[in-house]
Amino acid sequence: MLLSITASPGVRSITITSGDRVLALHMYARSTYGAVVARGRECLVGGEDLRRAAWLLTRLMDRVGELLKSRYYTYTGPLEVVGDRVVYRPYVSPTSTAEVVLSGKTARVASGEVRRRFSTSLDVGAVLRRYLELLEKC
3 MLLSITASPG VRSITITSGD RVLALHMYAR STYGAVVARG RECLVGGEDL RRAAWLLTRL
63 MDRVGELLKS RYYTYTGPLE VVGDRVVYRP YVSPTSTAEV VLSGKTARVA SGEVRRRFST
123 SLDVGAVLRR YLELLEKC
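Numbering-wise, the numbering used here comes out as the position in the sequence shown, counting from 1, plus 2.
Structure (structure tokens):
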């Protein structure tokens, strides 16, 4: 499973790819489009919790990019669910990755010598796990 987070100045989005299925949520200005797309099917998703989780993830990756002096706007890497934690390992430069562990209302980031912990107002990992189940069902 891959998670791609785009945190550009105008467009913010998350895309989760699992096999032949994709969950995409794109936010531009005040409009939002979310869907699970599988072969020949499109299931629209528009939960406020997913939009908030995506917004928090893009803000988190903005901060991780600044912290690690990355010039990327899109961060892609493997995503896995380990118990009640969601672990994401995005590339932050052509030669380095970070590990982002989402658990409860915290996000722990580790890359090389850098270790940071961020608090969120939402359990982002739980929201992602719920939509990953939807991704498998659609």
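All C-beta atoms in this analysis are idealised placements derived from N, C-alpha and C, irrespective of residue type, glycine included.
For the segment 45 to 82, the full-length alpha helix (DSSP H) segments reaching 4 residues or more read 50 to 69 along the chain. Contact annotation: the segment 93 to 100 does not touch the segment 117 to 129, with fewer than three C-beta pairs closer than 8 Å. Distances from the alpha-carbon of T99 to those of D125, R87, M63 put M63 closest. The three-state reading of DSSP puts G85 in coil, since its state is none of H, G, I, E or B.
Selection A109, Y74, T122, G48 evaluated against I7 yields Y74 as nearest (Cα-Cα).
Here A9 is near T60, since their CB atoms are less than 7 Å apart. Assignment of beta-bridge partners to E101 by DSSP yields A112.
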